[in-house]
Amino acid sequence: MTSHQLSSGDLLADRRAQYALQYAEGGDLGAAIELQMQALELAPDWAAGWHQLGIYHEKAGDLASASDAWRRVLALTQTDIFGAGLKLSLTGQAETPPAPPSEYVEALFDGYSDRFDTALVEDLGYCVPERLTALIDAVAGTEAQFAKVIDLGCGTGLFGERIRLRTSWLDGYDLSRGMLAKAADKGVYDHLGQADIGMGFDPGEASGAIKADLVAASDVFAYFGDLDGVIGMAANLLRPGGLLAFSCEAGPEGADWLLQASLRYSHGAAYLTALMARHGLIVERLAREPIRRDGADTIEGFLVIGRRQAGDSVSAAVAPDRLTGSPDPADLTDDAKGSGPARLM
Ligand SMILES: C[S@@+](CC[C@H](N)C(=O)[O-])C[C@H]1O[C@@H](n2cnc3c(N)ncnc32)[C@H](O)[C@@H]1O
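Note that the numbering used here has the sequence shown beginning at 752, numbered continuously upward.
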């Protein structure tokens, strides 16, 4: 969702904002800012309009004015569906939250659900479900069957489609009703439910008492900074010996987690392995690979498979041969190298 899609409730203000958008798209940010401010004079309580003004100021390099606009958004809204707080923290004007507001993520993916599969897979070379499945095969074997699989942040079901034939029960949970509706259309899940997996998600209640053989979170942890709670919750969903398969965006060496300009979070490998140890997961695989494009850039991610230890003892073992490093750019596929700018989320 972009903020200019929401109406101010004032026709004239909407028209000015529409012109502002056209100027911005044409590269004239000065005119865009001027027109957006005129729109906001007519509709001073229009939170989406202030958010958009912040984006124009940011693009024009005026972070102080951008921050003022985003502060105004926060003052006008009870729930930050625009992610204005995240924007503000990137300017250094506020602390970085350990997770984005759920309402922001929900609105973001509700807005993308109709074009998610084409935009992500075809335009951005998104390949996490495919690569995660390949890594699961490498650990469990290509013939392995899973009695129960839980797909956390299942989205439109791109991972579910790949694992369906390997399991007799497949649960999917997601924040976004729009994404869940698309997943339901595919008809591959035995049960779908709306849930915030970061807050108060009671796996027992939601998914039944039977523990899973495989829990997956494909391109979901980029919407969390601090992963302690969510990895602990995922580990609790597993039976001893069960597998947790997830991806993250790869962060700079030494950093635990970092909010990026894309408003997604990146994570460090050492942080991931420490958290897995804390929650009784043995690292079976941790591979650094290109996972999709963002504009002209290739995003590298960590694809991780952990195995829940039997019993209560928590001491992770990471076999050195299970860790694979950054690939040589020469080895990237054409898809991963990118053929032109495209952007989503
Ligand atoms: C990039 S999509 C990936 C979807 C799917 N797993 C795939 O690989 O195609 C991220 C998904 O995570 C969901 N998500 C993000 N934060 C969440 C949360 N706290 N609780 C539940 N779902 C969440 C989003 O709604 C979105 O559908």
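Even for Gly, the Cβ is constructed at its ideal location relative to N, Cα and C. Fair warning: this is a prediction, and the values are worked out from it, not measured in the lab.
Over what stretch of residues does the beta strand (DSSP E) that includes residue i continue unbroken?
i     : result
G1052 : 1048-1059
E1000 : 989-1001
I901  : 900-903
L965  : 963-968
L1009 : 1008-1010
Does DSSP classify residue i as helix, strand or coil?
i     : result
Y1016 : strand
S759  : coil
T884  : helix
R915  : helix
R1044 : strand
G944  : strand
L1032 : strand
L1098 : Lying outside 752 to 1096, the shown extent of the chain, residue 1098 is not represented and no answer is given.
F952  : coil
S1064 : With a pLDDT of only 43 at S1064, under 50, the local geometry of the prediction cannot be trusted, and the value read off the model is given with reservation. Coil at S1064, not helix or strand.
F975  : coil
Return yes when the C-beta of residue i is under 8 Å from any heavy atom of ligand 1, and no when it is not.
i     : result
E1051 : no
I948  : yes
L1054 : no
P880  : yes
V856  : yes
A968  : yes
M930  : yes
A889  : no
S777  : Sequence inspection shows Gly at residue 777; the Ser mentioned does not correspond to that position. The answer is no for G777.
F910  : yes
L995  : no
D922  : no
A973  : yes
D979  : no
T907  : yes
G876  : no
L926  : yes
L871  : yes
D902  : yes
S1017 : no
F833  : no
A768  : no
S1013 : no
Classify residue i as buried or exposed, calling it buried when 16 or more other Cβ atoms lie within 10 Å of its own Cβ.
i     : result
P1156 : Here the chain has residues from 752 to 1096 only, and residue 1156 is not among them.
M930  : buried
H808  : buried
P880  : buried
Q803  : buried
A1012 : exposed
I948  : buried
A1047 : exposed
L780  : buried
S919  : exposed
A768  : buried
D953  : exposed
L916  : exposed
D936  : exposed
Note the first and the last residue of the continuous alpha helix (DSSP H) segment covering residue i.
i    : result
G923 : Element bounds for G923: not the alpha helix (DSSP H) but the beta strand (DSSP E), 921-925.
W801 : 798-810
S786 : Residue identity check: residue 786 is Leu in the sequence provided, not Ser. Start and end: 780-793.
D936 : 928-937
Please confirm whether residue i has its beta-carbon closer than 9 Å to some beta-carbon of chain D.
i    : result
D874 : Absent from the structure: chain D. Only one protein chain is present.
**Asked** Hey, which unbroken runs of the alpha helix (DSSP H) at 4 residues or more fall wholly within the stretch 812-864?
**Response** Fully enclosed alpha helix (DSSP H) runs of 4 or longer: 814-827, 835-841, 853-863.
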